[in-house]
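Student: Its first residue numbered 14, the sequence shown is counted upward by one per residue in our numbering.
Beta carbons: idealized from backbone N, C-alpha and C, even for Gly.
Quick caveat, the model's predicted, so the values are computed rather than measured.
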Amino acid sequence: MNLQSGWQSEFEIARACLEWQVEMGVDEAICDAPIDRYALDPAPAAKTPAKAAADPPAPTAEIDPVADAESLAATAHDLDSLAAALADYSHCELKLGARNLVFSDGRAGARVMIVGEAPGREEDLRGRPFVGEAGQLLDRMFAAIDMARDHPDIARALYITNILPWRPPQNRDPSPEERAMMRPFVLRHIELAAPDILVLMGRISASTLLGTNDGITKIRGQWRDVAGRPALPMLHPAYLLRNPAAKREAWADLLDLQARLRTTQ
Ligand code: URA
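#1: Using the three-state DSSP reduction, which class does valine 8 fall into: helix, strand or coil?
#2: Could you compute how far the alpha carbon of proline 178 sits from the alpha carbon of glutamate 23?
#3: Taking all protein chains shown into account, do 16 or more other C-beta atoms lie within 10 angstroms of the C-beta of aspartate 266, making it buried, or fewer, making it exposed?
#4: Tell me whether serine 94 is buried or exposed, calling it buried when 16 or more other Cβ atoms sit within 10 Å of its Cβ.
#5: List the endpoints of the continuous beta strand (DSSP E) containing methionine 126.
#6: Buried or exposed: which applies to arginine 162, given that a residue is buried once 16 or more other Cβ atoms fall within 10 Å of its Cβ?
#7: What do you reckon, are the CB atoms on arginine 237 and glycine 228 nearer than 8 Å?
#8: For the region 149 to 159 against the region 106 to 119, do three or more pairs of beta-carbon atoms, one drawn from each stretch, fall closer than 8 Å, so that the two count as touching?
#9: Would you kindly report the start and end of the unbroken beta strand (DSSP E) that includes threonine 174?
#10: Across which residues does DSSP place proline 246 in a beta bridge pair?
#11: Determine the direct distance from the alpha carbon of methionine 160 to that of alanine 86, and round the result to whole angstroms.
#12: Three or more beta-carbon pairs under 8 Å between the region 162 to 172 and the region 249 to 268, yes or no?
#13: Rounded to whole angstroms, what's the CA-CA distance from tryptophan 33 to histidine 104? Just pull it up for me.
#14: Assuming contact is defined by CB atoms lying nearer than 8 Å, are histidine 249 and glutamate 130 in contact in what I supplied?
#15: Just checking histidine 249 against ligand 1 - is the residue's beta carbon closer than 7 Å to any of the ligand's heavy atoms?
#16: Does the region 198 to 211 come into contact with the region 179 to 186, if we say contact requires no fewer than three beta-carbon pairs (one atom in each stretch) closer than 8 Å?
#17: Between the alpha carbons of aspartate 77 and arginine 196, how many angstroms are there, rounded?
#18: Alpha carbon to alpha carbon, how far is cysteine 225 from arginine 273?
#19: Quick check for students: name the residue ranges of the beta strand (DSSP E) that lie wholly in the region 94 to 158, counting only runs of 3 or more.
#20: What is the rounded straight-line gap between the Cα of alanine 156 and the Cα of threonine 88?
#21: Could you tell me if arginine 255 is buried or exposed, where buried requires 16 or more neighbouring beta carbons within 10 angstroms of its beta carbon?
#22: For leucine 16 and isoleucine 232, I'd like the C-alpha separation in whole angstroms.
#23: Relative to the alpha-carbon of alanine 123, which residue among Leu211, Leu99 and Pro142 has its alpha-carbon at the smallest distance?
#24: Expressed to the nearest angstrom, what Euclidean distance is found between the alpha-carbon atoms of glutamate 83 and alanine 193?
#25: Work out the CA separation of alanine 121 and glycine 234 for me, nearest whole Å.
#26: Assign isoleucine 173 to one of two classes, buried (16 or more other C-beta atoms within 10 Å of its C-beta) or exposed (fewer than that).
#27: Please classify glycine 241 as buried or exposed, where buried requires at least 16 other C-beta atoms within 10 Å of its C-beta.
#28: If we count the other Cβ atoms within 10 Å of its Cβ and call it buried at 16 or more, is aspartate 186 buried or exposed?
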């Protein structure tokens, strides 16, 4: 392919390359972060011993991504500034491969805050949590107890976020490091949204916020405490799509949540 002839700009060349990749069947990024291979040094020259000796290793400042996340999250005084702080946070490489920061959906001030795992493909495209197939099931589950993310009655509304605001490539599980980095932001998010009750939706959410390795099928339905608020671990709707028989347990948990909301009114 002669890319030079007839092309107007680098932009058109780049677009043609992308279109060619899409035609070949490429439909998403698979690395955690994009790699600019043109910027890679093709053959780093070996240092001569004399040069190496003259070049003492530069002192590297120790960066603690979790401590940075804690101090950045603490500066946020409302939900908008927390979203801005997250957008400024630079230690999580998932951000480089994501299309959007997925911060939250629903009504701030809702009594129930749902914390899911991480955006999937649809959420990444639309910048809203739980809008794919699992999200549609989540909406139906809560509609069954007359609750919805945009319910006009704030007592029946939901506020929704995730442990991770950026989509992991191929929807892989977030690593322990990524979860540890995001935890301070989620805890601040909970503080600022100030719900009466938290729903920890799925294994990743429950283990990150409860610090437990117990499986979700073991701890679902057991009330816990997160940041001084009652928290109910539940089976993730994506799990329910794969295991419809487990909807029975999810229904029991929803009824329990409804009862708890009545008694804490
Ligand atoms: N699963 C999640 O945990 N969160 C989303 O936003 C979508 C799917």
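Tutor: Checking against the coordinates, here is how it stands:
#1: The first residue shown for the chain is 14 and the last is 278, placing residue 8 beyond what the model contains.
#2: 32 Å
#3: buried
#4: exposed
#5: 125 to 129
#6: buried
#7: no
#8: no
#9: 171 to 175
#10: Leu213
#11: 29 Å
#12: no
#13: 32 Å
#14: yes
#15: yes
#16: no
#17: 14 Å
#18: In the sequence as displayed, the identity of residue 225 is threonine instead of cysteine. Threonine 225 and arginine 273: Cα-Cα distance of roughly 24 Å.
#19: 125 to 129
#20: 36 Å
#21: exposed
#22: Because the pLDDT at leucine 16 is just 48, under 50, the model does not fix this residue reliably, and the point stays unresolved.
#23: Leu211
#24: 10 Å
#25: 25 Å
#26: buried
#27: exposed
#28: exposed
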